[in-house]
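In what follows, a structure is listed as structure tokens, so that the remarks can point back to it.
Residue numbers (our numbering): 230 to 435.
Below, the structure is given as structure tokens:
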């Protein structure tokens, strides 16, 4: 009888040990699965996908922050191109300015209105002047939103007898919009835009 009780006690301890091991194993598997799931989600958020032939394909080797920086730089570059690239053609000037104003808030509209009231665009047309803009660099801080940028470029004002080169420096912030459109292909809006410098560098005879 005593031997049977000893066997039962031993069997109970063995069963309890097995049960404890199973519980610990299940708990470990559960934590491991949760950890892996979280890592997969985090990794997927850092990946970039493109649509090709109707299928979503991962763009291997492209960092999400790098893509953001490229998009912001391109938006800033496009705005300055459309705002400053001018030819002696009223329709072309209006077309470019309209494109620029889709990319920025009323601060850009305010600057445009000032130039128009001063007769700047009329002078471009009347004097057969072409204006070019060449980007030197764009500095963007992507650590905080809205994203702050500083644009460095050169303006070339081409007349029949001379080419004037000016240094242009502007700054502003970029706010992400809810959607992209045909008029705003990157989905950002330039805010608080202002011109820090627009100074003469040199004048060359033609």
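Backbone N, C-alpha and C define an ideal beta-carbon position, used for all residues, glycine too. If you're wondering where the values come from, they're calculated on a predicted model, not measured in any experiment.
Within the stretch 315 to 368, the runs of alpha helix (DSSP H) at least 4 residues long that lie entirely inside it are, in chain order, 319 to 330, 335 to 346, 349 to 355. A straight line joining the alpha-carbon of residue 292 with that of residue 418 spans about 23 Å.
The alpha-carbon separation between residue 367 and residue 389 amounts to approximately 31 Å. Note: residue 400 is bridge-paired with 379, 423 in the DSSP secondary-structure output. In the structure shown, the three-state DSSP call for residue 431 is strand. Out of 377, 319, 435, 310, the CA that lies nearest to the CA of residue 421 is found in 377. Residue state for residue 394 is assigned as strand, using DSSP reduced to three classes.
Below 8 Å, too few C-beta pairs join the stretch 322 to 342 and the stretch 357 to 364 to call them touching: fewer than three. In the displayed model, residue 370 falls within a strand according to three-state DSSP.
Under the three-state reduction of DSSP output, residue 297 falls in the helix class. Taking 8 Å as the cut-off, the beta carbon of residue 351 is found no closer than this to the beta carbon of residue 396.
Residue environment analysis places residue 299 among the exposed positions, since fewer than 16 neighbouring C-beta atoms fall within 10 angstroms of its C-beta. Distance check between residue 393 and each of 434, 353, 306 places 434 closest, using alpha-carbon atoms only. Residue 369 holds the alpha-carbon nearest to the alpha-carbon of residue 306 among 256, 248, 369, 316. A Cβ-Cβ contact shorter than 8 Å links residue 416 with residue 409. Pairing residue 365 with residue 381 gives a Cβ-Cβ distance under 8 Å. Distances from the alpha-carbon of residue 423 to those of 398, 252, 431, 413 put 398 closest. As the crow flies, the alpha-carbon of residue 256 is around 12 Å from that of residue 248.
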